[in-house]
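Numbering (full-length UniProt numbering), first residue to last: 1 to 136.
I have placed the structure first, in the form of structure tokens, so that the comments after it can refer back to it.
In structure tokens:
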């Protein structure tokens, strides 16, 4: 039940992205519009990290990965190190390439099994939509 001066953010997963026992709808309520906009922005940033927009049409089937920190890994495109401790970059299931997010669109997949879509994650899918509304 919405009350006056309440700002809602709806997270809705499409039917095809759901399993029988998965959560399909999530509603977040905020007192301030700025809070809702900040959360919406961060959800969109997270989704774009898991499913980079510029990966479409490259043939890469990407997985957002954390690599072992005791071994240095390099990007298959720019040959620079994948930096950080967690989620340093992406690995393509088709070509086996390791990529920085910024390098994904620079080189199409050279793997044998091409695909036109980015792989689905259990956290976010192409079927996750954000909707919002305000009352009051």
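Beta carbons: idealized from backbone N, C-alpha and C, even for Gly.
Separation of residue j from residue i, as counted between CA atoms
i	j	result
residue 11	residue 100	28 Å
residue 44	residue 26	15 Å
residue 84	residue 23	32 Å
residue 36	residue 48	18 Å
residue 88	residue 107	19 Å
residue 103	residue 33	35 Å
residue 50	residue 28	21 Å
residue 74	residue 62	16 Å
residue 110	residue 82	20 Å
residue 41	residue 9	11 Å
residue 46	residue 65	14 Å
residue 76	residue 20	39 Å
residue 68	residue 98	13 Å
residue 86	residue 7	33 Å
residue 52	residue 105	10 Å
Outcome for residue i when other beta-carbon atoms lying within 10 angstroms are tallied against a minimum of 16
i	result
residue 55	buried
residue 96	exposed
residue 14	exposed
residue 57	exposed
residue 78	exposed
residue 60	buried
residue 80	exposed
residue 91	buried
residue 72	exposed
Residues sharing a beta bridge with residue i, DSSP
i	result
residue 68	Answer by DSSP bridge pairing: none, since residue 68 is not bridged.
residue 81	74
residue 98	91
residue 62	92
Run of the beta strand (DSSP E) containing residue i, from where it starts to where it stops
i	result
residue 91	89-92
For residue j and residue i, believed in contact at Cβ under 8 Å, the rounded distance
i	j	result
residue 5	residue 31	7 Å
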